[in-house]
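In what follows, a single structure is set out as structure tokens and then discussed.
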Amino acid sequence: LEVHFIASHGHTTHHQPQNGLTFQIGSGQHLANTSGVKVICDFRTNDVALGGQGAPLVPIGDQLFFGKYDFCLNLGGISNISFEQDGNRLAYDIGLANMVLNHITKKINLEYDKGGAMARSGKINQKLLHQLNNLEFYKLPFPKSIGFEWFVEKVVPIVDNTQDSIENLLHTCVHHICDQIAIQIKAQNNKSNTSLLVTGGGALNRFLMECLQEKLGPQITVIAPSPTLIAFKEALVFALMGVLREEQKPNCLSSVTGAKRDSYGGVVYLPC
36 LEVHFIASHG HTTHHQPQNG LTFQIGSGQH LANTSGVKVI CDFRTNDVAL
86 GGQGAPLVPI GDQLFFGKYD FCLNLGGISN ISFEQDGNRL AYDIGLANMV
136 LNHITKKINL EYDKGGAMAR SGKINQKLLH QLNNLEFYKL PFPKSIGFEW
186 FVEKVVPIVD NTQDSIENLL HTCVHHICDQ IAIQIKAQNN KSNTSLLVTG
236 GGALNRFLME CLQEKLGPQI TVIAPSPTLI AFKEALVFAL MGVLREEQKP
286 NCLSSVTGAK RDSYGGVVYL PC
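My numbering puts the sequence shown at residues 36 to 307.
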């Protein structure tokens with residue numbers, strides 16, 4: 036197998052597009068020197084420099100690889116959605132997903148709630164649900180995106196100041212996540228038979244997926260692909276973004292990010 040290049044997203048430590056700032060750690064030059072292979076990274080900054088959100092980036096892959104689905108939902112640390120509307124690909128961050136669930140399980144030294152088993156056994160905390168559903172971000176129009184800083188500032192104080200069992204906190208947050216996703220999909224959907232492809236780690240949370248299907252109703256079919264696709268979809272899409280960068284074709288869509296124009300993002304590092 037010949038490796039032509041490495042497309043590396045890195046790890047986002049700061050995301051403040053309103054201030055013209057997004058930063059992902061992971062030195063492209065170090066990767067190139069260590070691997071001996073060309074590295075393409077820093078995919079977001081060009082879009083932010085053009086006035087965009089620099090996120091989400093995956094919708095270009097949704098459009099080219101998974102266009103047969105009406106909606107593509109990614110459940111990573113946060114939830115984001117992409118879909119076609121009037122010939123354009125639209126996408127934006129909806130809100131919370133695994134970031135808040137994993138924050139809760141870490142209180143009892145667990146990385147995550149496997150399959151949503153603990154969440155399933157809990158009950159709704161109505162006060163917490165009301166506070167989360169009334170976060171100001173949900174009232175903003177798209178394009179919009181959030182990062183870890185927003186979570187720490189706006190969400191962590193609410194969750195940490197709620198005195199309840201881990202099971203009830205998880206149960207409530209799953210309902211909150213699904214509430215917000217259902218609101219957005221129903222607002223954008225104009226079909227009677229609609230398909231929703233769900234990827235990201237949240238697609239492995241059976242309780243969350245059942246809750247989401249219940250809130251969306253029978254007219255929208257929630258589809259979880261194979262575990263392999265769930266695990267590797269984002270890696271596949273970033274490889275695609277690297278190819279598009281190499282060919283100097285757009286990999287950041289202004290219809291998604293709100294930038295001045297489509298652009299090809301990614302900084303290229305050569306081994307030396």
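Every residue, glycine too, gets a C-beta built ideally from N, C-alpha and C.
Helix, strand or coil, according to DSSP, for residue i in the structure here?
i      : result
HIS138 : helix
ILE181 : coil
GLU119 : strand
ASP128 : strand
ILE265 : helix
GLN59  : strand
TYR173 : helix
LEU167 : helix
VAL308 : The chain is shown only over 36 to 307; residue 308 falls outside these bounds and no answer can be derived.
CYS307 : coil
GLN51  : strand
LEU271 : helix
GLU281 : helix
GLU202 : helix
ALA294 : coil
GLY86  : coil
ASN81  : helix
LYS149 : helix
LEU36  : coil
GLY237 : helix
ASN160 : coil
ASN224 : coil
PHE100 : helix
Which residue from the options puts its Cα closest to that of residue i?
i      : options                        : result
ASN228 : GLN215, MET244, THR234, VAL257 : VAL257
VAL93  : LEU305, VAL302, LYS295, CYS287 : CYS287
LEU205 : THR48, LEU243, PRO285          : LEU243
VAL209 : HIS138, ILE143, GLY277         : HIS138
ILE129 : PRO178, VAL83, GLY96           : PRO178
GLN88  : VAL74, ALA126, SER114, HIS65   : ALA126
GLU171 : ASN160, LYS158, GLU188, GLY157 : GLU188
ASN203 : ILE159, LEU108, VAL191, THR80  : ILE159
LEU85  : LEU251, LYS295, CYS307         : LYS295
LYS142 : LEU131, SER117, THR197         : THR197
LYS284 : GLN120, ALA259, LEU275         : LEU275
GLU249 : ILE95, ALA90, PRO192, CYS213   : CYS213
GLY45  : GLN53, HIS65, LYS226, LEU232   : HIS65
ILE95  : GLY151, PRO306, PHE273         : PHE273
PHE118 : VAL302, GLY301, ALA270, SER230 : SER230
PHE58  : VAL74, ALA90, GLY157           : ALA90
GLN254 : ASN144, ASN224, SER289, ARG124 : ASN224
PRO52  : GLY61, ILE41, ILE60, THR80     : THR80
Quickly, what does DSSP pair residue i with across the bridge? List them, please.
i      : result
SER289 : DSSP, once it has assigned bridges, lists no residue as partnering SER289.
ALA42  : ILE75
VAL187 : None, per the DSSP bridge assignment.
CYS107 : SER117, LEU232
VAL302 : CYS76
THR256 : SER230
Tell me which residue opens and which closes the alpha helix (DSSP H) that residue i is part of.
i      : result
PHE242 : 241–251
VAL191 : 191–195
ARG155 : 152–155
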